[in-house]
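First to last, the sequence lines map onto chains S and D.
Each residue of the first sequence is one higher than the last, beginning at 2 in this note's numbering.
Each residue of the second sequence is one higher than the last, beginning at 471 in this note's numbering.
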Amino acid sequence: MADKNGFFDLSKTTLTRRTALKGLAAGAGLAVAPGFVRYSQAQSSAPIKIGFQSHRTGIGAAYGRWYEKTTAAAVKAINAAGGINGRQVEVIIEDDGTDPGRGAEVVGKFATQHKTDIVFGTLFSHVVIGSAPAAGENKMPYFVVSEGHHVASTKLNRYVFQPGITDVKSQIQSMAPWIAANAGKKVTQIFPDFAFGYDHRDYLPPALKAQGAEVIAQIAIPPTESSFTKYFPQIPAETEVIYHVMVGPAVLTFVKELGEFYGSNRPQLFGFIDSLEATDINSPGLEFLDGSHFWEGSPRYAQANDSEAQKAYRAAVGIDDNGAAVGDPKDVSTAAHMFGCWETLYVVKKAMEDAGYKGPEDRAKLVEATEALTEFAEGPEHPQGPKTFNGKIHQCFGIQNISKVEGGKLKVVHKTKIEDGLYEAEGDYTTQAL
Amino acid sequence: MHFGPHLLLAALEGLVTSAVLALTALGLSLVFGVMRVVNVAHGEFFMLGAVLAWAITTAIGGDPALGFLAALVIAPLIVGAIALVAERLVLRRLNYNPEATIVATIGMLYIIQQLALTFYGPEARPVEPPFSYRILLPWFGYSGYKLSVIAASALLLLATWLVLTRTRIGLTMRATQYDSETAQAFGIPVGRVYGGVFALGAMLAAIAAVLIVPISQAHYLMGQDPLLLSFIVVIIGGLGSLRGTVVAAVLIGLSDGIISMFFSPTLAKIIATLLVAMVLVFRPQGLFGTASR
């Protein structure tokens with residue numbers, strides 16, 4: 002077909018000398034603008050720059066928004082208390098579209114363009130796995146809040162850390178005894194068909210077997226699926242517990258359709274709250290979940306025995322007793338995960354102080370200082386609870402909450418111990434060159 | 471579960487997919503048939519329908535049936551108006567140039583999607599179905615609302631067919647589709663027909679979205695899958711053929727439901743894409759399309 006009007010004829014829009022000169026002049030003007038040189042002579046007063054790789058768009062967008070809120074609250078608190086090594090902290094946000102390819106580009110951009118001190122904040126496991134090589138190549142410390150086992154598996158590289166949230170393998174191992182004893186012995190697993198789901202696929206069966214229970218079926222569902230009824234006939238009739246972990250925007254449909262399929266005559270349900278993060282538990286169609294159990298990293302609903310640190314953290318982030326934004330009860334947070342952003346930033350602060358961190362030339366020192374950490378005490382900096390940290394596998398281990406849906410709220414009925422979730426290290430990052 | 475009930479469930483799921491797909495793809499097919507414009511932003515009109523349905527039901531509150539009926543009427547009208555404005559401001563100024571309109575509608579896709587993200591947000595939000603009756607079969611339960619979606623879609627398709635074949639508006643549309651220059655020579659306001667068809671195409675997508683939103687949810691990225699599937703349906707059925715679109719939608723919907731239940735959803739997508747390739751090789755005009763003159 003002819004391009005009659007010449008829409009694609011590039012020769013029509015030639016770059017004139019005048020336009021080119023104008024562009025050059027504008028560029029030069031920007032470069033000498035005050036903002037560009039403000040800190041060039043005074044490194045000690047320059048802020049510490051944290052590159053935040055945020056899921057602002059794509060299937061992780063609801064998480065991204067709350068990760069940003071939590072991070073902003075933590076940075077505000079850190080800056081109000083004098084910053085890190087006497088320097089203020091500045092967060093630079095780049096959107097990764099919840100996409101691994103874009104994620105790697107964003108890490109590169111932080112390293113070469115923004116020249117940030119570290120990169121931080123990624124949740125979705127495929128983005129972490131896709132971005133980690135870029136972090137290693139740029140020798141850029143990369144602090145993720147992802148929950149996946151990929152960091153602790155030691156299959157990434159020495160620059161990747163997960164000091165703010167326990168990994169899936171440990172979570173599963175610590176909760177398996179409770180599931181086998183209280184929910185049932187014959188378990189069918191439903192999980193998303195990508196990295197995060199595979200952690201569940203691989204680590205639940207051995208963990209349950211050790212408790213005398215077994216996984217009788219595993220159903221993988223593509224993460225972009227929007228209708229689920231067609232998968233349910235694969236659930237064996239003798240199933241006692243359905244173990245579900247779903248992510249993405251269609252999770253509500255998943256639970257609703259499960260309800261339509263089974264009605265009141267359902268097996269026990271044990272789910273990861275990932276299936277319902279940022280979703281009101283009282284949404285129409287979710288009555289079906291009443292009486293079922295969920296894993297929560299940090300409880301969404303305020304609990305009767307909340308510590309002062311937990312209360313202060315919730316107030317600082319701006320969530321009410323129901324885990325929704327203060328002033329907007331419909332804006333439900335991703336409370337079970339986002340605490341990890343808060344805690345990770347305090348770990349970064351501690352490690353930078355231990356390392357006497359001055360600037361990007363000290364990144365290797367920062368890595369070693371982080372690896373030297375062993376314990377984080379419960380308190381305002383770690384409101385979710387105490388944690389231990391294994392510097393060899395760059396992973397922290399904390400307590401997990403099992404919550405029951407009761408009267409439209411999630412009530413914590415069991416807390417695991419840190420020891421329940423410890424496992425033998427699969428490798429050692431510290432042997433890798435810096 | 472035994473084979474019989476398993477197949478029944480697969481067929482039911484497939485029919486729901488077909489019903490929504492037929493409406494969405496028909497919109498795409500009409501726009502291409504009459505205007506020769508490939509509307510890449512079609513999926514975003516679908517998404518807008520769902521997002522508006524959420525906004526309207528939330529604003530009205532009260533009985534879910536009332537809010538839903540209001541959404542079913544108002545949301546398509548708003549989407550149609552937006553499409554009409556887009557047609558006037560963008561497509562007409564490009565003289566409906568086939569290549570330029572593809573690029574322009576890709577631009578519209580991103581603009582609409584990002585505006586939805588900005589003003590509606592990244593969450594998936596539920597809309598309550600107008601009624602929640604669970605049909606209890608001996609082997610499994612099934613949503614009564616889903617069955618009503620199939621019926622509603624069939625009625626709407628019938629109505630569209632009647633408009634196209636039995637009314638004066640339909641006649642002008644078909645005349646424009648057949649030969650727009652001759653139609654213009656006979657006094658048909660081709661520009662206005664184009665505007666109307668583009669709006670109608672978007673409205674069909676919006677109606678499909680309002681019907682599906684109580685089953686899935688409103689989300690700003692939900693337009694991608696329907697767009698892809700609609701293209702598949704339209705290519706298989708024949709661009710511009712109503713009958714072909716419906717037949718292809720039922721074919722793709724059912725095969726998707728049955729294959730993904732007995733084998734895997736990935737295989738269903740592979741087969742659908744393979745079917746497209748086969749049709750393009752052996753019958754480029756589609757199963758029911760007429761060869762281009």
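We put the beta carbon where it would ideally sit given N, CA and C, even for glycine.
Between S/G61 and S/H415, the alpha-carbon positions lie close to 28 angstroms from each other. Within the region 724-735 of chain D, those residues whose Cβ lies closer than 7 angstroms to any Cβ of chain S are, in chain order, G727, S730, M731, P735. Under a criterion of Cβ atoms nearer than 8 angstroms, the residues of chain D adjacent to S/E226 are, in order, P735. Below 8 angstroms, too few C-beta pairs join the region 321-337 of chain S and the region 47-60 of chain S to call them touching: fewer than three.
If you draw a 10 Å sphere on the C-beta of S/R88, you find 16 or more other C-beta atoms in it, and that means buried. Under the three-state reduction of DSSP output, S/K70 falls in the helix class. Looking at S/G357, S/V252, S/A105, S/V152, the one whose alpha-carbon comes closest to that of S/K393 is S/V152.
By the beta-carbon neighbour count (other beta carbons within 10 angstroms, threshold 16), D/F610 is buried. About 18 angstroms separates the Cβ atoms of S/V128 and S/F192, ruling out a contact at the 8 angstroms cut-off. Given a length threshold of 4 residues, each whole run of the alpha helix (DSSP H) inside the region 363-426 of chain S is given here in chain order: 364-372. Nearest C-alpha to S/A378 among S/Y314, S/G399, S/R364: S/G399. Nearest to S/V216 by C-alpha distance, out of S/V248, S/T189, S/S126, is S/T189.
Remark: fewer than three beta-carbon pairs, one from each stretch, lie closer than 8 angstroms, so the region 471-486 of chain D and the region 636-643 of chain D are not flagged as touching. The secondary-structure analysis by DSSP pairs S/Q190 across a beta bridge with S/Q219, S/Y244. Listed as beta-bridge partners of S/E309 by DSSP are no residues whatsoever. In the three-state scheme derived from DSSP, where H, G and I count as helix and E and B as strand, D/H472 is classed as coil. Judged by DSSP secondary structure, S/H127 falls within the alpha helix (DSSP H) whose first and last residues are 126-138. DSSP, read as helix, strand or coil, puts S/D200 in helix. D/T588 and D/I582 have their alpha carbons spaced roughly 10 angstroms apart. When 7 angstroms is used as the limit between beta carbons, D/R562 is near no residue of chain S, the shortest such separation being about 13 angstroms. Around the beta-carbon of S/S265, fewer than 16 other beta-carbon atoms lie within 10 Å, marking it exposed. Against chain D, the CB of S/F125 has no partner CB under 7 angstroms away; the residue lies outside that interface. At the C-beta level, S/A177 and S/V242 stay beyond 7 angstroms of one another.
With contacts defined as CB atoms closer than 7 angstroms, D/P592 and S/A63 qualify as a contacting pair. The C-beta distance from S/Y430 to S/H395 rounds to 6 angstroms, short enough to fall under 8 angstroms. Of all residues in the region 280-298 of chain S, only T280, S284, P285, G286 come within less than 8 angstroms of chain D when Cβ atoms are compared, listed by chain position. Nearest to S/E95 by alpha-carbon distance, out of S/F195, S/A112, S/P285, is S/A112. Closer than 7 angstroms to the CB of D/P592 there is at least one CB belonging to chain S. Within chain D, F610, G611 have C-beta atoms less than 9 angstroms from the C-beta of S/Y263, given in sequence order. Rounded to the nearest whole angstrom, the CA to CA distance from S/E226 to S/V318 is 32 angstroms.
About 6 angstroms separates the beta carbon of D/L712 from that of D/W631, a gap short enough to meet the 8 angstroms contact definition.
By the 16-neighbour rule on beta-carbons within 10 angstroms, D/N565 is exposed. With fewer than 16 other CB atoms across the displayed protein chains lying within 10 angstroms of its CB, S/A316 is exposed. Between the region 223-237 of chain S and the region 256-263 of chain S, the count of Cβ pairs shorter than 8 angstroms is three or higher; the stretches touch.
Counting other Cβ atoms within 10 Å of its Cβ, D/T637 stays below 16 and is therefore classed as exposed. Around the Cβ of D/A742, a 10 Å sphere holds 16 or more other Cβ atoms; the residue is buried.
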